[in-house]
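*Asks:*
In our numbering, the protein residues as written are 58 to 365.
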């Protein structure tokens with residue numbers, strides 16, 4: 058028994074959200090699959106709730122090699138791999154099916170290769186979900202209702218530019234600090250997918266939820282490139298396949314959370330505005346979108362928008 062445990066390679070993977078969440082399901086499935094597919098030679102230890110730091114810190118740790126793996130939303134990713142910025146353009150994706158098709162197809166797969174040069178092996182795309190706005194001050198029905206709200210945003214340049222376009226006072230902050238900031242009134246609101254709003258228990262500190270669906274937020278399995286390169290060919294495949302299984306379980310949980318989330322949050326006392334005029338929100342961002350078209354190239358944005 059002793060020799061077997063010595064031969065075991067232990068790696069760490071972390072998330073910023075709770076274990077009982079769409080991200081927890083992703084890394085728990087991944088860890089189980091890695092053990093199964095490598096006959097227990099590799100053991101992945103799972104850490105939750107930002108125990109090893111927020112998303113940006115965990116990505117830095119993976120890049121440096123002080124941590125082998127992380128699972129993160131793409132919030133801070135453009136700070137490391139600028140090519141991913143385009144995915145955060147508001148109202149880029151029609152729905153989850155469209156977003157998943159883009160990420161699993163040539164566009165998304167090509168983007169995964171951009172991580173190699175930055176010290177990462179990107180194993181697979183997964184999902185955070187469509188982001189919605191919550192706040193403690195008022196119902197948000199039209200874009201004007203967002204003016205002057207102090208909102209926590211991800212440490213993401215595209216999000217920050219877009220939300221400023223709505224007249225929001227943006228406050229970038231790592232996820233593990235958000236609950237306390239909302240509780241203390243340091244910020245009025247935040248925006249996240251239903252899965253995150255539920256698992257983080259934001260209903261305890263936020264009264265108003267508007268289903269704006271303004272940005273689709275992917276997640277990604279990242280591994281330190283040198284650690285991945287050391288694996289045998291068969292083990293590399295095992296890690297890639299395990300990540301795909303993790304992504305599958307993660308997306309299924311997002312679908313489940315989306316299906317029951319609104320009723321769940323209403324039952325917990327949140328006011329949910331679900332009949333917004335999306336076109337008004339899109340129109341409010343016209344100047345910002347013009348800026349994004351300049352930055353990313355209209356053809357690149359259209360390639361994603363029109364992907365079938």
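Virtual Cβ for every residue (Gly too), placed ideally from N, Cα, C.
Check whether the Cβ atoms of residue 312 and residue 255 sit closer than 9 Å, and answer yes or no.
*Replies:* no
*Asks:* Let me know the secondary structure DSSP gives residue 251 once reduced to three states.
*Replies:* helix
*Asks:* Between 316, 322, 129, 146, which has its C-alpha nearest residue 182's C-alpha?
*Replies:* A check of alpha carbon separations from residue 182 across 316, 322, 129, 146 identifies 129 as the nearest.
*Asks:* Where do the N-terminal and C-terminal ends of the beta strand (DSSP E) with residue 16 fall, by residue?
*Replies:* Examination of residue 16 is not possible in this model, given that the chain is present from 58 through 365 alone.
*Asks:* Using three-state DSSP, classify residue 342 as helix, strand or coil.
*Replies:* Of the three classes helix, strand and coil, the one that applies to residue 342 here is coil, per DSSP.
*Asks:* Just how far apart, CA to CA, sit residue 80 and residue 170?
*Replies:* The alpha-carbon separation between residue 80 and residue 170 amounts to approximately 23 Å.
*Asks:* Residues in its own chain within less than 6 Å of residue 61 by CB, not counting five upstream and five downstream?
*Replies:* In this predicted model, residue 61 has a pLDDT of only 46, less than 50, meaning its place in the structure is not dependable; the value taken from the coordinates is given anyway. Excluding sequence neighbours, residue 61 sits near nothing in its chain.
*Asks:* Say whether the region 105-116 touches the region 228-237, bearing in mind that this needs 3 or more beta-carbon pairs closer than 8 Å, one atom from each stretch.
*Replies:* Enough Cβ pairs lie closer than 8 Å, so yes.
*Asks:* Quick check on this structure: which residue in 278, 267, 361, 65 has the alpha carbon closest to the alpha carbon of residue 134?
*Replies:* 278
*Asks:* Would residue 237 and residue 210 be called neighbours here (beta carbons separated by less than 9 Å)?
*Replies:* Not closer than 9 Å, so no.
*Asks:* Which two residues bound the contiguous alpha helix (DSSP H) that contains residue 121?
*Replies:* 112-121
*Asks:* According to DSSP, simplified to helix, strand and coil, what is residue 353?
*Replies:* Helix at residue 353.
*Asks:* Assess, as a yes-or-no matter, whether the region 206-226 is touched by the region 86-93 under the definition of 3 or more beta carbon pairs within less than 8 Å.
*Replies:* no
*Asks:* Go ahead and pull the three-state DSSP assignment for residue 149.
*Replies:* coil
*Asks:* Any idea what DSSP makes of residue 327, helix, strand or coil?
*Replies:* coil
*Asks:* How is residue 89 classed by DSSP in three states: helix, strand or coil?
*Replies:* helix
*Asks:* Could you tell me the distance, in whole angstroms, from the CA atom of residue 106 to the CA atom of residue 75?
*Replies:* 5 Å
*Asks:* Could you pull the DSSP bridge partners for residue 186 from this structure?
*Replies:* 274
*Asks:* Going along the chain, which unbroken runs of the beta strand (DSSP E) with 3 or more residues stay wholly within the region 215-262?
*Replies:* 226-229, 246-249
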